[in-house]
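Written below as structure tokens is the structure these notes are about.
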Amino acid sequence: MECLLCGSSDLTFLEEIKKKDLLILYKKLTGEDFSYLINDDLKYYLCNNCKLKFYFPVVSGDEKFYNCLQKFDWYYLSDKYEFDYAKKFIKKEDYVLEIGAGRGLFAKKISTNKYIGLDTSKKAQELASKEGIKIENETIEEHAKQKSDFYDVVCCFQVLEHVPNPKSFLAASIKVLKKDGLLIISVPSEDSFLKYATNNILNMPPHHVTRWSNITLEYLSTIFNLDIVEICHEYVSEIHKKWYISTLIQSLLLTPKLLDLTIKRKLISKFSLFLSNILIGRFKKEFFPNGHTVIGVFKKK
0 MECLLCGSSD LTFLEEIKKK DLLILYKKLT GEDFSYLIND DLKYYLCNNC
50 KLKFYFPVVS GDEKFYNCLQ KFDWYYLSDK YEFDYAKKFI KKEDYVLEIG
100 AGRGLFAKKI STNKYIGLDT SKKAQELASK EGIKIENETI EEHAKQKSDF
150 YDVVCCFQVL EHVPNPKSFL AASIKVLKKD GLLIISVPSE DSFLKYATNN
200 ILNMPPHHVT RWSNITLEYL STIFNLDIVE ICHEYVSEIH KKWYISTLIQ
250 SLLLTPKLLD LTIKRKLISK FSLFLSNILI GRFKKEFFPN GHTVIGVFKK
300 K
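To convert, note that position 22 of the sequence shown is 21 in numbering that gives the first Met the number 0; the numbers rise steadily by one, no gaps.
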């Protein structure tokens, strides 16, 4: 077995996820049975070379899975820190490609009319079309066959962690960039409280395949011969503050695990959530560390 990103076989086994437990929590969240996507228990690994963390066997969601999640209002937020951060790198005359564009919410944030989005969801394409936003139903690998060295900026927000083959995805993303073009990537940060969040199934298959730290993002410059422009973290956002405090309390009382359906965990989880509601007003902004998202900006040489 090899790392999904750098191909190294120097791996450390971290933890096992029971298929049964994972399916129970997805059913609780969505009301749907996704057993057809997950055949076996999953193992969680760290690559000792590039520090990518990933799940194996590789399991990713299909259109039914993502259509189910799109029913939730919180799944596609129109106001994201990374949207405002990324738009400062985009000029009006730039050709911009967004991979995994959803219904094109980022397109509304930028001034260029030379925007194209990619998304494999036909439902997302339909929603974007109603807003006059152009979304094409194809993968970045397919798109790269026609658009080599074409775009000034390529963006992917909260997409890379879903991809079963990140190396192929990134190579194609860079292929469509012009020389000196910018690649802007946002992912959930493994250098944040998310690393310690238990039963956070949306950071597991079939939703997320990989987990990314600063070290791993920086390693992209070595693999793909890129210049690092910036690596930026958001602070813990308002919608995540109670979750952060609750996770902090839980990690003090119990050892963090990926999944834990024990009665003890359930009781501690309820207790920590109760305390977070009391303590949130006492936490000053300075007390909150890195938030959910990290953004990497890279320049093609």
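For each residue, glycine too, the CB sits at the ideal point set by N, CA and C.
Beta-carbon separation (whole angstroms), residue i vs residue j, contact threshold 8 Å
| i | j | result |
| --- | --- | --- |
| F64 | F105 | The pair is not a contact, with the Cβ atoms about 22 Å apart (cut-off 8 Å). |
| E233 | Y54 | Incorrect: roughly 25 Å between the Cβ atoms, too far for contact. |
| I184 | C231 | Not a contact, Cβ separation roughly 11 Å. |
| L4 | K241 | Going by Cβ atoms, the distance from L4 to K241 rounds to 33 Å, so no, they are not a contact pair. |
| I115 | E141 | About 13 Å; that fails the 8 Å criterion. |
| P56 | L68 | Between L68 and P56 the Cβ distance is about 21 Å, and since that is not below 8 Å, they are no contact. |
| S275 | I244 | 4 Å |
| I200 | L45 | So it is not a contact: roughly 20 Å between Cβ atoms. |
| V58 | P255 | Actually they do not touch by this definition, with Cβ atoms about 22 Å apart. |
| L182 | L225 | 7 Å |
Cα-Cα separation between residue i and residue j, rounded to whole angstroms
| i | j | result |
| --- | --- | --- |
| L21 | K265 | 15 Å |
| G280 | L257 | 28 Å |
| F88 | T11 | 37 Å |
| N202 | K86 | 26 Å |
| I139 | L117 | 7 Å |
| K283 | Q157 | 28 Å |
| Y25 | D179 | 42 Å |
| I227 | K298 | 6 Å |
| D83 | C49 | 29 Å |
| E92 | I262 | 57 Å |
| H161 | A171 | 16 Å |
| K70 | K107 | 21 Å |
| Y35 | G60 | 10 Å |
| E229 | K300 | 15 Å |
| E62 | I277 | 40 Å |
| G103 | K133 | 8 Å |
| N38 | I23 | 14 Å |
Buried/exposed call for residue i, threshold 16 Cβ in 10 Å
| i | result |
| --- | --- |
| N47 | exposed |
| M0 | exposed |
| S120 | buried |
| T209 | buried |
| F273 | exposed |
| W73 | exposed |
| K52 | buried |
| S7 | exposed |
| F192 | buried |
| F286 | exposed |
| G30 | exposed |
| G99 | buried |
| E97 | buried |
| S110 | exposed |
| L159 | buried |
| G295 | buried |
| L169 | buried |
| I214 | exposed |
| N198 | buried |
| S147 | exposed |
Beta carbon proximity, residue i to chain C, threshold 8 Å
| i | result |
| --- | --- |
| S212 | In summary, chain C is missing from the structure at hand, where a single protein chain is found. |
In DSSP terms, what residue i is bridged to
| i | result |
| --- | --- |
| D226 | K298 |
| N289 | Y234 |
| I184 | C155, G295 |
| V58 | Per DSSP, none; premise fails for V58. |
| T209 | F53 |
| K42 | E15, F55 |
| E97 | G116, C154 |
Q.
Could you check whether the region 182-199 touches the region 286-294, counting it as contact only if at least three pairs of C-beta atoms, one from each stretch, sit closer than 8 Å?
A. yes
> Quick one: any contact between the region 206-223 and the region 111-131, if contact means 3 or more CB pairs under 8 Å?
Replying inline: no
Taking 8 Å as the cut-off, does the region 167-182 touch the region 141-156 (at least 3 CB pairs, one atom from each stretch)? yes
Touch test, the region 247-255 against the region 266-286, Cβ-Cβ under 8 Å, three pairs minimum: yes
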